[in-house]
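In the UniProt record's numbering, the protein residues as written are 1 to 300.
Cβ coordinates follow ideal geometry from the N, Cα and C atoms, glycine included.
The structure displayed is predicted, hence computed values, not measured ones.
Data first, discussion second: the structure below is written as structure tokens.
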């Protein structure tokens, strides 16, 4: 499948896209809207209903992406159908290469086209939008990332990118927690296990399942319910940065709980992939506050 030219409505489509919550301006850098082309290197299934799309830019001087940046991706199917959607950069293995972790929504407009891409196909993209995770961090001694589903992608990419850069990043441990429905939904677990072996004591991750199989020894339930007690055992919460990615419902609830327990707004940053208008679950928020308040306040 070859990439088709942009339509005359590209500019208006871009303006509409910029208003999307994932197309926000980088807080610390210029808004880059550079049209570019990329070739599909691979499009692997990495979990039930989840794929990792690897793109190689065809531009001589492509924008430098970091995990957490957002790009506008245009895809054209073999039948001529097209879609343009925002996708968050998950991993940047090398210069000019971008990997996007995405959940396939069978009834959606874009991801069925995206999932059909094969090696050698071409796509158009624009960006970069949003603020990368590294630029969101407050003055912190460690980072805790909390995700649902494909939100684990940019968190893993962030850890892979910056744990090796000790002179820049320092000795700041990174812990990732991700919520999935079933064990088959867990994605990128091999990559996270490899990172844990490479950086013992500096990287850790755990999955929480809402439908755990018999014999499951990990966390159970939604992350908003399974994590607070574990987080209350963390030291130095006052100097911990939390980054929340994925379902807006989880983000609003967890964010409200963390702030209500006494953490500052600059310590909790977010990126919602969907459910943008969700409101916090007040009952769950109260439980998070009850679980964490003592641990946060005793560290004042």
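Asked, Found
"By the DSSP assignment, the alpha helix (DSSP H) with residue 195 in it spans what residues?", "189-198"
"I'd like the span of the alpha helix (DSSP H) that includes residue 111, first residue to last.", "111-115"
"May I ask which residues mark the beginning and end of the beta strand (DSSP E) holding residue 208?", "203-209"
"Taking the runs of the alpha helix (DSSP H) that are 4 residues or longer, which of them lie wholly in the segment 215-265?", "223-226, 228-231 and 248-260"
"Spell out the partners DSSP gives residue 36 in its beta bridges.", "125"
"Alpha carbon to alpha carbon, how far is residue 134 from residue 77?", "35 angstroms"
"Quick check: what's the CA-CA separation for residue 73 versus residue 297?", "44 angstroms"
"Would you tell me roughly how many angstroms separate the C-alpha atoms of residue 117 and residue 63, rounded to the nearest one?", "22 angstroms"
"Using the beta-carbon count (16 or more within 10 Å), is residue 247 buried or exposed?", "buried"
"Which term fits residue 205, buried or exposed, when burial requires 16 or more other beta carbons within 10 angstroms of its beta carbon?", "buried"
"Could you check how far apart the C-beta atoms of residue 90 and residue 49 are, in whole angstroms? I think they sit under 8 angstroms.", "Incorrect: roughly 16 angstroms between the Cβ atoms, too far for contact."
"Grab the span of the alpha helix (DSSP H) containing residue 168 for me, first residue to last.", "166-169"
"Going along the chain, which unbroken runs of the alpha helix (DSSP H) with 4 or more residues stay wholly within the segment 267-300?", "282-297"
"My parser needs the beta strand (DSSP E) runs of 3 or more residues fully inside the segment 134-160; what are they?", "142-148"
"Count the other CB atoms, across all protein chains shown, that sit within 10 Å of the CB of residue 178; report buried if there are 16 or more and exposed otherwise.", "buried"
"Excluding the 5 residues flanking residue 261 on each side, which residues of the same chain have their C-beta closer than 7 angstroms to its C-beta?", "288, 289, 292, 293 and 296"
"Does the segment 189-200 touch the segment 123-132, meaning 3 or more C-beta pairs lie closer than 8 angstroms?", "no"
"In whole angstroms, what separates the C-alpha of residue 120 from that of residue 39?", "6 angstroms"
"Whole angstroms is fine: what's the gap from residue 169's alpha carbon to residue 79's?", "47 angstroms"
"Using three-state DSSP, classify residue 59 as helix, strand or coil.", "coil"
"Here's the rule I'm using: 16 or more other beta-carbon atoms within 10 Å means buried, otherwise exposed. How should residue 61 be labelled?", "exposed"
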